[in-house]
Amino acid sequence: MKQVKITLASLLFVSLVACGGAEPKEETKTAEKAPEQTETKTVMAVVEDMAIEVAAVGETMMEVAFEPATLTLVEGAEVTMTFKNQSSAAGMLHNFVLIPVGIGQEIATAGIAAGPDANFTPADDRIIVSTKMTNMGEELTVTFTAPAAGDYEYICTYPGHYPVMLGKLTVTQ
Ligand code: CU
599 MKQVKITLAS LLFVSLVACG GAEPKEETKT AEKAPEQTET KTVMAVVEDM AIEVAAVGET
659 MMEVAFEPAT LTLVEGAEVT MTFKNQSSAA GMLHNFVLIP VGIGQEIATA GIAAGPDANF
719 TPADDRIIVS TKMTNMGEEL TVTFTAPAAG DYEYICTYPG HYPVMLGKLT VTQ
């Protein structure tokens with residue numbers, strides 16, 4: 599009978615150890631719930647920053663183009679744009695000039711008058727963002743705020759590249 603009692607006592611001890619081992623797991627579960635509750639509290643309408651890449655391509659005056667030829671942005675977004683001149687033929691300089699639809703020819707013509715020292719870009723308040731004239735293989739980054747919802751165009755004002763080198767931007771709310 600004594601041997602049986604010892605065995606029961608051992609079983610109880612094993613059971614207690616098993617229960618003790620289970621307790622920390624319950625604590626872990628409780629701790630995991632806390633971050634979930636915090637996440638549900640932070641629900642806000644925030645326009646996220648956007649990073650885009652635009653390339654200028656083409657080796658002849660008839661082939662010059664922006665890639666992509668269309669862009670979509672969200673109004674008010676802080677946009678970081680990487681612009682790369684991927685042309686390699688002699689004299690294929692490019693820039694990126696973002697403007698409202700309908701003034702491309704006017705801006706391009708004024709750009710030629712402004713000349714190379716002004717990156718063939720006129721001083722015009724309607725220009726939302728413009729880069730300097732980039733050389734072949736050159737890459738640069740500019741930041742700007744996406745304008746009000748609507749339709750825009752991005753053009754290259756190097757003489758002769760407009761209207762062949764033209765992209766369409768849609769800004770949504
Ligand atoms: Cu160009």
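Numbering (this note's numbering), first residue to last: 599 to 771. Even glycine gets a Cβ: it sits at the ideal position worked out from N, Cα and C. Just so we're clear, the structure is a prediction, and the values are computed from it rather than from any experiment.
*Ordered list of beta strand (DSSP E) runs contained in the segment 645-713, each at least 3 residues*: 648-655, 663-665, 668-672, 676-683, 695-698
*Expressed to the nearest angstrom, what Euclidean distance is found between the alpha-carbon atoms of V662 and N733?*
Along the sequence shown, read from residue 1 onward, the residue named residue 662 stands at position 64. Along the sequence shown, read from residue 1 onward, the residue named residue 733 stands at position 135. Cα-Cα distance, rounded: 14 Å.
_Quick check: does the Cβ of Y798 come within less than 7 Å of any heavy atom belonging to the ligand CU?_
This structure leaves residue 798 out entirely; the chain is present only between 599 and 771.
*Cβ-heavy atom distance, M763 to the ligand CU, below 7 Å*: Taking the first residue of the sequence shown as position 1, residue 763 is located at position 165. Yes - the ligand CU has a heavy atom lying nearer than 7 Å to the Cβ of M763.
*Buried or exposed by the 16-neighbour rule on C-beta atoms within 10 Å, applied to G758*: Sequence index remark: in the sequence shown, residue 758 carries index 160 (1-based). Exposed, because fewer than 16 other Cβ atoms sit within 10 Å of the Cβ of G758.
*By Cβ distance, which residues of its chain are closer than 6 Å to S728, with the 5 residues on each side in sequence left out?*
Walking along the sequence shown from the start, residue 728 turns up at place 130. Counting only Cβ-Cβ distances below 6 Å, and skipping sequence neighbours, we find V695, T719.
*asked:* If you reduce the DSSP assignment to three classes, tell me which class D715 lands in.
replied: As a working note, residue 715 is residue 117 in the sequence shown. D715 falls in the helix class under three-state DSSP.
_V662: CB within 7 Å of a non-hydrogen atom of the ligand CU_ = For the purposes of this step, residue 662 is identified with residue 64 of the sequence shown, where counting begins at 1. V662 Cβ: within cutoff of the ligand CU.
_Could you give the first and the last residue of the continuous beta strand (DSSP E) run that contains K766?_
For the purposes of this step, residue 766 is identified with residue 168 of the sequence shown, where counting begins at 1. Per DSSP, K766 belongs to the beta strand (DSSP E) from 764-770.
*Locate the beta strand (DSSP E) running through E736, then write down its first and last residues.*
Stepping through the sequence shown from its first residue, residue 736 is reached at position 138. No beta strand (DSSP E) contains E736, which DSSP labels as neither H nor E.
_Cross-strand partners of P741 (DSSP beta bridge)_ = Here the question's residue 741 lines up with position 143 in the sequence shown. Sequence inspection shows Thr at residue 741; the Pro mentioned does not correspond to that position. In DSSP, T741 forms a bridge with T678.
*In chain order, what residues of the same chain lie with their CB nearer than 8 Å to the CB of E736, ignoring the 5 residues before and after it?*
Counting from 1 along the sequence shown, the entry for residue 736 is found at position 138. Only K682, N683 meet the Cβ criterion.
*Which two residues bound the contiguous beta strand (DSSP E) that contains D722?*
Taking the first residue of the sequence shown as 1, we reach residue 722 at position 124. Unbroken run through D722: none, as it is neither H nor E.
*Can you find at least 3 beta carbon pairs, one from the segment 710-718 and one from the segment 649-660, that sit closer than 8 Å?*
no
_Can you tell me whether A653 sits near the ligand CU, meaning its C-beta is under 7 Å from at least one heavy atom of the ligand?_
As a first step, residue 653 is located in the sequence shown; it is residue number 55 there, counting from the start. Because no heavy atom of the ligand CU lies under 7 Å away, the Cβ of A653 does not count as near it: no.
*Any beta-carbon of chain C closer than 8 Å to the one on H692?*
The structure shown contains no chain C, having only a single protein chain.
*Once you ignore the five residues that flank F742 on each side, which residues in its own chain have a CB closer than 6 Å to its CB?*
Start at 1 with the first residue of the sequence shown, and residue 742 comes out as number 144. V677, V727.
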